[in-house]
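Please read the structure below before turning to the comments.
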Amino acid sequence: MSGTYDVVIIGGGMSGLMAAIPLAEKGRSVAVISKGDPVCCLSTGCVDLCSKGDDPIGGIESFPDHHPYRLVGVEKVKESFDIFQKIMIETGLPYIGDCHANRKILTPFGTSKTTCLVPKTMKSASCDPDEYIHVISFNGLKDFYPSYITSGHVNSGCSIFDAGVSSTSAIAERFEEEDFLQEFVSWLANLALPEGKIAFPAVLGIRSAMAIFNAITEYLGRDIFEIPTIPPSIPGERLFSSLKNLFLEKGGSLYWGKEIASVEKLNGRIEAVTLSNRGRSTRVQGTLFILATGSFVSGGLYASMDDVRETVFNLETYLPGERENWFNEDFFIPGHTIEKAGIRVDSTLRPLDSEFSNLFVCGSILAFTEVMKYGCGHGTAIATGVAAANICEELL
Amino acid sequence: MMKTDVIIIGGGSTGCGIARDLAIRGISHCLIEKGDFASGATGACHGLLHSGGRYAVNDPEAAAECISENMILRKIGQKCVERTDGLFVRLPGDSKNFRDKFLKSCEAIGIETDILSPSRAIDLVPTLNPSIEEAIKVPDCSIDPFRLCMLNITTSKNRGGRILIHHRVTEIVREHGECVGVKVREELTGREMEIQGKLVINATGAWGDRTASMAGGSVPMTLSKGSLVVTNHRLTNMVINRLRPSSDGDIIVPNEAVCLAGTTSMSVDDPDTIDVESHEVDLVATEAEQMIPSFASTRIIRTYAGVRPLLKADTSDGRAISRGFKIIDHGNGMFSIMGGKLTTYRLMAEKMCDKVVEVFGLKKRCRTAEIPLEGQEQLSGYPLSKRLKELKDIVCECELVTRDAVERAVNDVGARHIGDIQHRTRLGMGPCQGGFCTYRALGIMQESGRMTPEESKRILKTFLQRRFKGIRPALWGDQLREEQLVESIYLGILGMEGRE
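Chains A and B, in that order, give the protein sequences.
Just so we're aligned, residue 1 is where the first sequence starts under this note's numbering, counting upward by one.
Just so we're aligned, residue 397 is where the second sequence starts under this note's numbering, counting upward by one.
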């Protein structure tokens with residue numbers, strides 16, 4: 001399989017797909033190349049814009065000039081969030097919230113996490129200290145311990161259901177069975193719980209999450225919500241597969257499970273990339289290229305003992321000092337210096353000092369993103385992904 | 397008030413060995429340890445059961461002790477010793493003269509050697525540097541120091557020994573200058589207690605001088621820090637040593653699912669404040685790479701350091717000081733036992749207990765070399781195939797620890813610290829270094845009612861900070877990726893950000 005496209009996007013995570021979908025929607029031919037499921041599947045599925053403070057969009061006004069949000073511009077960031085919410089309605093997995101107000105959601109540890117947009121299944125996840133919450137868990141589930149929540153919440157209770165399986169993915173898969181859902185809902189109804197919200201670990205289905213959520217809500221006639229668990233994370237997987245499926249529906253091409261073996265250059269441009277494959281090689285040609293391979297965890301950047309390398313095009317990277325200073329000493333204070341590492345770009349998302357005139361960069365591979373420090377995970381991916389799409393659209 | 401004959405201070409290999417020896421000789425005793433078993437140098441060493449080869453040239457006496465103890469321990473401790481054998485590899489440029497001396501010394505001491513051509517050596521350990529000149533095979537083994545301590549303690553407990561871990565000695569009580577007991581404080585509750593004893597044995601390793609001073613004594617020691625790194629998989633199934641005079645980073649030891657490489661040697665003053673520095677990690681990695689080239693691209697999952705309690709000598713070079721041990725009679729009812737090595741822990745205990753029976757005027761000979769360590773029947777032993785049989789509800793994927801195993805540790809030992817579980821099950825010792833499973837283990841512990849959710853949260857925080865301290869000097873490559881993931885789990889998903 002080989003092909004020629006208007007835009008070739010390397011990286012199938014949040015930023016890559018948020019660039020791909022608007023372009024595909026405009027009728028452009030778009031290819032997304034990914035070596036596997038993205039880091040999004042390890043996330044809570046919530047979108048952080050700026051989690052420091054109450055007003056996220058106001059918060060980014062004070063970010064340093066070189067932060068990707070500032071390169072894109074505050075207005076454009078707002079627009080990109082609207083686009084994301086529209087897209088999510090279209091996928092059937094609506095996201096709740098707006099970019100002027102942060103919200104708190106309950107964590108499996110009983111603490112609260114500040115975020116901006118949440119899937120509808122977490123709409124009611126902000127809890128007053130004295131309202132009643134009933135936590136449901138599952139027998140043997142090793143990543144969720146309800147007493148962490150109930151011990152800190154005066155007004156709470158807990159019940160345990162035996163799903164016959166004990167991992168988050170396996171339980172979520174069981175919810176996709178009609179009979180299982182029926183059995184679970186009648187068990188819940190028979191508990192005759194006191195007035196108040198019911199909380200579940202986020203395992204209420206994978207593909208049919210919204211339908212399952214609505215069915216349980218309706219049957220019980222009260223507010224329910226999900227609590228995102230540690231990886232593998234079901235809400236993260238739902239977010240990713242919804243975006244991926246929408247991209248395919250809009251006619252996009254996916255090269256999945258593929259790594260880039262070589263890059264063809266011509267007159268200061270990237271002409272094509274060749275994908276590693278057993279046997280035959282696949283050549284993907286493009287007019288414009290977008291690099292959206294993410295930071296260290298997803299493998300877009302790689303740190304050797306004394307340097308940081310960009311793994312696809314070997315682009316110039318910003319290195320924040322010596323290894324000794326990459327990490328602070330306190331684990332619990334986010335904002336390690338190494339988070340600054342990445343690709344520096346101009347306001348059109350072109351890498352500085354790059355030999356390629358048709359390459360654009362978006363997502364957490366950008367220098368100075370500092371996702372943990374600012375609490376802007378997925379937010380920067382959405383803002384810069386949509387921005388990259390706009391820039392490409394204008395050029396095509 | 398508790399009364400006993402012998403009070404042992406220190407729950408490292410020496411203290412635990414003494415407890416077992418006394419138990420077998422039928423002498424009542426009480427062991428007091430301020431942390432968990434093996435929390436000093438015992439648990440921070442290579443886990444190498446020396447053949448003696450390492451010391452053959454410069455310290456033949458210690459080498460002779462090593463080989464004879466090695467042969468004893470592989471017999472009595474089958475479930476904590478893995479018979480790996482070891483290689484001393486000679487690289488281009490390494491002295492031929494030293495190699496000749498090495499062979500001669502080994503022969504004189506009785507350490508069996510076998511000279512292997514490069515191709516035979518690479519046949520045994522395919523990851524070895526292909527340009528080695530030769531390799532000499534010796535009977536080195538890998539040993540689990542935590543398991544070793546637990547098994548020694550089992551014998552003591554079975555025979556009425558009193559064991560107090562997480563108890564700190566606050567005072568050595570003396571009457572007319574003679575030691576007659578100790579006051580201890582339980583670390584968790586602050587509860588105080590006094591224990592009467594006829595003899596006090598100071599087996600506190602690097603803390604020896606401090607302990608001795610509580611009874612007006614002193615122990616001349618040189619403290620030498622050694623730093624090690626842990627790799628995410630077994631690069632070799634044999635112990636690999638560099639065939640040259642002892643130096644930094646010249647030993648790699650396979651240990652269950654991982655390898656331990658080290659060490660460095662730096663003299664220090666305070667055993668409580670030691671850190672691994674980045675340049676030590678670089679040094680160990682660079683040296684290990686000489687012997688096993690793929691070490692360069694292998695993930696280092698953690699670093700740690702221990703303090704060798706060496707006998708005071710005229711030289712300041714830690715490596716030149718004898719690995720022999722010494723018993724000091726303070727003349728007031730207290731003995732200190734200092735120096736030595738993990739490999740010779742049993743012999744040290746034997747000599748110490750010989751002194752005890754002499755003081756008590758008893759005639760009870762040592763039998764610790766004849767009787768296998770008790771409690772091994774229940775242990776799985778090393779072969780993975782055996783462990784795979786019972787796998788259900790795995791809590792720690794790296795080390796294949798099940799929920800059952802964690803619950804057993806909680807119920808049998810009354811585990812109240814994450815270390816209690818780690819040392820007994822190996823939970824958290826694999827590639828993720830407890831990144832995922834500690835949260836689960838603590839969840840299980842608080843569900844069992846052994847601790848409140850609040851306590852377990854506090855323990856998790858302390859654990860994560862300590863873990864980070866151990867990993868921080870080696871953060872690059874895949875380990876850096878893993879660390880960022882762990883950060884996003886605890887700070888991002890579980891919302892544990894910020895200071896207390």
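Virtual Cβ for every residue (Gly too), placed ideally from N, Cα, C.
Complete alpha helix (DSSP H) runs within the segment 533–580 of chain B (minimum length 4 residues, chain order): 541–554
Three-state secondary structure assigned by DSSP to Glu249 (chain A): In the three-state DSSP reduction, Glu249 (chain A) falls in the helix class (H, G or I).
Simplified DSSP assignment, three categories, for Lys444 (chain A): Residue 444 (chain A) is absent from the structure shown; chain A starts at 1 and stops at 396.
Cβ-Cβ distance between Val425 (chain A) and Leu17 (chain A) below 8 Å: Only positions 1 to 396 of chain A appear in the structure, and residue 425 (chain A) is not among them; the question remains open.
Under the three-state DSSP convention, the category Ser781 (chain B) falls into: Residue placement at Ser781 (chain B) cannot be trusted, given a pLDDT of 44 that sits under 50; what the coordinates show is reported in the next sentence. In the structure shown, Ser781 (chain B) sits in a helix (DSSP, three-state: H, G or I).
is_contact[Pro849 (chain B), chain A] using C-beta, thresh 8 Å: yes
Residue-chain proximity (Trp326 (chain A), chain B), Cβ-Cβ < 8 Å: yes
Backbone secondary structure at Phe81 (chain A) - three-state DSSP: Note: Phe81 (chain A) maps to helix in three-state DSSP.
Under 7 Å by beta carbon: chain B residues contacting Tyr95 (chain A): Going along chain B, no residue has its Cβ under 7 Å from Tyr95 (chain A), so there is no contact; the nearest lies around 18 Å.
Contacting residues, own chain, Cβ-Cβ under 7 Å from Gly658 (chain B) (five flanking each side not counted): So the list reads His442, Gly622, Ser623, Leu624, Val625, Gly645, Ile647 and Val680, once near-sequence residues are dropped.
Beta-carbon proximity list for Arg283 (chain A), same chain, < 7 Å, skipping 5 on both sides: Ser2, Ala272 and Thr274
Glu843 (chain B) in three-state terms, based on DSSP: Glu843 (chain B): helix per DSSP, three-state reduction.
Neighbouring residues, chain A, relative to Gln842 (chain B) (Cβ below 9 Å): Tyr145, Ser147, Tyr148 and Ser151
C-beta contact flag for Thr114 (chain A) and Gly335 (chain A) at 8 Å: no
Delimiting residues of the alpha helix (DSSP H) encompassing Ile417 (chain B): Note that residue 417 (chain B) is Asp in the sequence shown here, rather than Ile. Ser409 to Arg421 is the span of the alpha helix (DSSP H), which, as asked, contains Asp417 (chain B).
Spatial neighbours of Ala459 (chain B) in its chain, beta-carbon cut-off 6 Å, leaving aside the 5 residues before and after: Gly448, Tyr451, Ala452 and Ile505
Cutoff 8 Å: Val297 (chain A) Cβ touching any chain B Cβ: yes
Residues near Arg558 (chain B) in its chain [Cβ-Cβ closer than 6 Å; skip 5 each side]: Closer than 6 Å at the Cβ level, and outside the excluded window around Arg558 (chain B), lie Cys426.
Ser2 (chain A), DSSP secondary structure in three states: Here Ser2 (chain A) sits in coil by DSSP.
Pair within 8 Å by beta-carbon distance, Pro38 (chain A) and Phe247 (chain A): no
DSSP bridge partner residues for Ala531 (chain B) (one or two, in chain order): According to DSSP, Ala531 (chain B) bridges with B:Val485 and B:Leu512.
Where His378 (chain A) falls, given that 16 or more other Cβ within 10 Å makes a residue buried: buried
Cα-Cα separation, Ala653 (chain B) to Arg630 (chain B): Spanning the two alpha carbons is a distance of roughly 6 Å.
Test: Arg174 (chain A) CB closer than 8 Å to a CB of chain B: No - not a single Cβ of chain B is within 8 Å of the one on Arg174 (chain A).
Chain B contact residues for Gly140 (chain A), given Cβ-Cβ distances below 7 Å: Here the neighbours are Asp789.
Which residues DSSP lists as bridging Ile270 (chain A), in chain order: According to DSSP, Ile270 (chain A) shares a beta bridge with A:Lys265.
Local conformation of Leu359 (chain A) per DSSP, three classes: strand
Per-residue contacts from Leu881 (chain B) into chain A (C-beta, under 7 Å): Leu42 and Val297
Residue burial classification, Gly815 (chain B) (beta-carbon count within 10 angstroms, cutoff 16): buried
Reduced DSSP category for His819 (chain B) - H, G, I as helix; E, B as strand; rest coil: helix
Cβ pair Ala292 (chain A), Gly36 (chain A) closer than 8 Å: Contact: no.
Below-8 Å beta-carbon distance, Leu469 (chain B) vs any chain A residue: no
Short-range partners of chain B found in the segment 207–237 of chain A, where Cβ spacing is below 8 Å: Pro228, Thr229, Ile230, Pro231 and Ser233
Residue closest to Thr523 (chain B), alpha-carbon to alpha-carbon, out of B:Val753, B:Gly735, B:Thr694 and B:Cys749: B:Thr694
Ser242 (chain A) and Leu93 (chain A) closer than 8 Å at C-beta: yes
Inter-residue Cα distance where the pair is Gly152 (chain A) and Glu851 (chain B): Distance between the alpha carbons of Gly152 (chain A) and Glu851 (chain B): 12 Å.
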